[in-house]
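Okay, so the sequence shown: first residue is 155 according to our numbering, each after it adds one.
Please read the structure below before turning to the comments.
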Amino acid sequence: MSAQWTDPSSPQTGAQAVLAHAIDPARRPDVLLRVRRDEGHEISAWWMIGAFVGVSAAVIVLLSFVPGGA
């Protein structure tokens with residue numbers, strides 16, 4: 155294993171090098187639905203609760219059509 159010695163007056167760790175070239179995940183072109191919103195413009199938790207209840211109800215209704223249930 156070879157070690158790279160740099161000038162001690164300008165130390166740079168691997169983490170600093172990675173962060174220097176980091177891309178904001180919300181701005182990547184291959185991410186379709188991720189959006190970084192301004193402070194105070196976050197989605198309400200009630201939307202997530204409602205989505206959970208709605209999907210759960212849909213699953214229960216669809217499973218009630220499966221024959222052989224109790």
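Even for Gly, the Cβ is constructed at its ideal location relative to N, Cα and C.
- Per DSSP, the unbroken alpha helix (DSSP H) holding I214 starts and ends at 199 to 217.
- Sequence-distant Cβ neighbours of L187 in its own chain, meaning closer than 7 Å and more than five residues away, do not exist here.
- One alpha carbon belongs to F206, the other to H195, and they sit about 21 Å apart.
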